[in-house]
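J.:
In my numbering, the protein residues as written are 9 to 309.
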């Protein structure tokens, strides 16, 4: 299935069309997912992509808070202390979200205003309990990355070695190489001027995710203070998997530069870039990078 490209993406895949490159797209989670596969057998690539997109549709039916009877909709209808058994994928996504909540000291929070500490997960029963009424969950800050990882797992099961996956051009995972290069070429763009390239990446065996003022609501709120964050235009996170990268790019829109630096120093497999307004700069922006960009995601400014 083919579909439209996302408008004004923060991340662009620039490998181009060469022999043996096959592209497939599918609409889900209110965006367009795309799989790019490098292999000689286009029919096999299409079959592998179809299987992955079927998994994506199943995942959306479990994770979306806008679909009646999805796991998330059922969680959002719970009363306090009422256990609910949920699907394995939903449980796994919530587990990672809880880990990100702890790792970022509450900056990344999939609950709407209440805090993830008001939710308890039971690993033996695959169940969730809300510790107080009114807790609501929205996986918008992590769901696309989680879906990208699940698509990657499906392609690996099909023994596809060289591929790139993106969800809405904001969460990207690459494996292997593209023909003619050591990795998959990407560009990162200024959300206020998409023709202005922030950086060039060559990505392999890694994921990168971006969040920006056009991708978020009009006001980005720091959940620790309840106050809007100003001055930050965009943030990108790079790491081993798309789920964590998606969550961290959201968190890095809120965290201070000092907090991001401390986080990357404590997590050597995570890198970050932030773009902020700077009236003293000729370009009107200031770009700051964090972490070691030499492993799996070479960076050029």
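Even for Gly, the Cβ is constructed at its ideal location relative to N, Cα and C.
Owing to the predicted nature of the structure, the values given are computational and were not obtained by experimental measurement.
Please return the same chain residues whose Cβ sits closer than 6 Å to the Cβ of residue 294, not counting the five positions on each side in sequence.
T.: Cβ neighbours of residue 294 beyond the five flanking positions: 284, 286.
J.: What residue range does the beta strand (DSSP E) around residue 140 cover?
T.: First-last for residue 140: undefined, no H or E at that position.
J.: Pair every Cβ in the segment 154–165 with every Cβ in the segment 115–122, then say whether three or more of these pairs are closer than 8 Å.
T.: no
J.: Closer than 8 Å by C-beta to residue 106: which residues in its own chain qualify, once you throw out the five before and the five after it? Chain order, please.
T.: These residues qualify, in order along the chain: 124, 127, 129.
J.: Using DSSP with H/G/I as helix, E/B as strand and the rest coil, what is residue 121?
T.: coil
J.: Measure from the alpha carbon of residue 310 to the alpha carbon of each residue in 233, 200, 280, then state which is nearest.
T.: The chain is shown from 9 up to 309; residue 310 falls before or after that span and cannot be answered.
J.: Along the chain, where does the alpha helix (DSSP H) that runs through residue 101 open and close?
T.: 96–111
J.: Between the beta-carbon of residue 268 and the beta-carbon of residue 244, is there less than 7 Å?
T.: no
J.: Tell me, please, which residues DSSP counts as bridged to residue 232.
T.: Answer by DSSP bridge pairing: none, since residue 232 is not bridged.
J.: Does the segment 188–199 touch the segment 209–218, meaning 3 or more C-beta pairs lie closer than 8 Å?
T.: yes
J.: Report the rounded CA-to-CA distance for residue 70 versus residue 61, giving the unit in angstroms.
T.: 14 Å
J.: Are three or more beta carbon pairs between the segment 149–162 and the segment 245–256 nearer than 8 Å?
T.: yes
J.: Taking Cβ to Cβ, would you say residue 172 is nearer than 7 Å to residue 136?
T.: no
J.: Starting from residue 62, trace the alpha helix (DSSP H) both ways and give me its first and last residue.
T.: Note, residue 62: alpha helix (DSSP H), 50–71.
J.: Run through the DSSP bridge pairs and tell me what residue 130 is partnered with.
T.: Paired residue(s): 135.
J.: Taking the Cβ atom as the reference point for each residue, do residue 160 and residue 181 lie within a distance shorter than 7 Å?
T.: yes
J.: Using beta-carbon positions only, say whether residue 88 and residue 138 come within less than 7 Å of one another.
T.: yes
J.: Can you name, in chain order, every residue of its own chain whose Cβ lies under 8 Å from the Cβ of residue 145, other than the five neighbours on each side?
T.: 73, 80, 83, 84, 102, 118, 119, 120, 127
J.: Anyone know if the C-beta pair for residue 324 and residue 196 falls short of 7 Å?
T.: The structure shown does not extend to residue 324, since the chain is modelled only from 9 to 309, so the question has no answer here.
J.: Rounded to a whole number of angstroms, what is the C-alpha to C-alpha distance between residue 45 and residue 302?
T.: 24 Å
J.: DSSP on residue 253, reduced to helix/strand/coil?
T.: helix
J.: Just curious, the beta strand (DSSP E) that residue 151 is in, first and last residue?
T.: Looking at the DSSP string, residue 151 is not in any beta strand (DSSP E); the run it does join, the alpha helix (DSSP H), is 151–165.
J.: Tell whether a beta-carbon distance below 7 Å holds between residue 5 and residue 21.
T.: This structure leaves residue 5 out entirely; the chain is present only between 9 and 309.
J.: Could you spell out the range, first to last residue, of the beta strand (DSSP E) harbouring residue 31?
T.: Run containing residue 31: 29–36, per the beta strand (DSSP E) assignment.
J.: Taking the continuous beta strand (DSSP E) assigned at residue 195, which residues delimit it?
T.: 192–198
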